[in-house]
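*Asks:* Dropping the structure in here first, questions after.
Residue numbers (our numbering): 707 to 888.
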């Protein structure tokens, strides 16, 4: 179930800002000042604003109109650094291999057509690029996270880090080079 926009205050509040070390999350996700980032499920911009300060360019995907309006307000001062892509990640026509990092924070479980969404994300990530998925423990069990990992492994990603904490399941994967059949 997608978090409705009227609950967005829960996604961006002082307690969450204290409990979530956003700089550390970006660091463990492999995001640097040279990174082009595909952020899937940008919501109200809780991570988008810090991604814009850290990465070279951010492509922020958001499905909901209500969240989109909040996101636009949050990143108003980030001219040129953030491009908003309004739509469903399962249906967007993204360029091939344009992103150094695909960053998905507490959002992959909300994608209805996961296979199509995963294929689109995988296609958008450059060879040797990073896929970083953080999911809430309360909503995503170990088996579901393993299923997500397996899906991306079948698309050419290899797991670098798989870790569970009290609140979050984290998975960082790297897109492997495709071997020629010659």
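Note that the Cβ used here is the ideal one computed from N, Cα and C, for glycine as well.
Just the Cα atoms here: how many angstroms apart are residue 743 and residue 844?
*Replies:* Their Cα atoms are separated by approximately 26 Å.
*Asks:* Does the structure place the stretch 768-776 close enough to the stretch 749-756 that three or more beta carbon pairs sit under 8 Å?
*Replies:* Touching, yes.
*Asks:* Any idea if residue 863 is buried or exposed, counting beta-carbon neighbours within 10 angstroms, 16 or more meaning buried?
*Replies:* Looking at its Cβ environment, which holds 16 or more other Cβ atoms inside 10 Å, residue 863 is buried.
*Asks:* Looking at C-beta atoms only, is the number of pairs between the stretch 755-765 and the stretch 786-799 that lie closer than 8 Å three or more?
*Replies:* A contact exists between the stretch 755-765 and the stretch 786-799.
*Asks:* Nearest to residue 841 by alpha carbon, out of 729, 799, 817?
*Replies:* Comparing Cα positions, the closest option is 817.
*Asks:* Quick one: what does DSSP say residue 877 is sitting in, helix, strand or coil?
*Replies:* The answer is strand: DSSP assigns residue 877 an E or B state.
*Asks:* Once you ignore the five residues that flank residue 850 on each side, which residues in its own chain have a CB closer than 6 Å to its CB?
*Replies:* Taken in chain order, the list of residues that qualify is empty.
*Asks:* Whole angstroms are fine: how far does the CA of residue 805 sit from the CA of residue 796?
*Replies:* About 16 Å.
*Asks:* Can you give, in chain order, each stretch of the alpha helix (DSSP H) that sits fully within the stretch 727-814 and has at least 4 residues?
*Replies:* Those alpha helix (DSSP H) runs which fall completely within the stretch 727-814 and span 4+ residues are 728-734, 754-760, 771-780.
*Asks:* Kindly indicate which three-state DSSP category residue 848 falls into: helix, strand or coil?
*Replies:* In the structure shown, residue 848 sits in a helix (DSSP, three-state: H, G or I).
*Asks:* Helix, strand or coil: which one does DSSP assign to residue 821?
*Replies:* Helix.
*Asks:* In whole angstroms, give me the CA-to-CA distance for residue 794 and residue 769.
*Replies:* Their backbone Cα atoms lie some 5 Å apart in a straight line.
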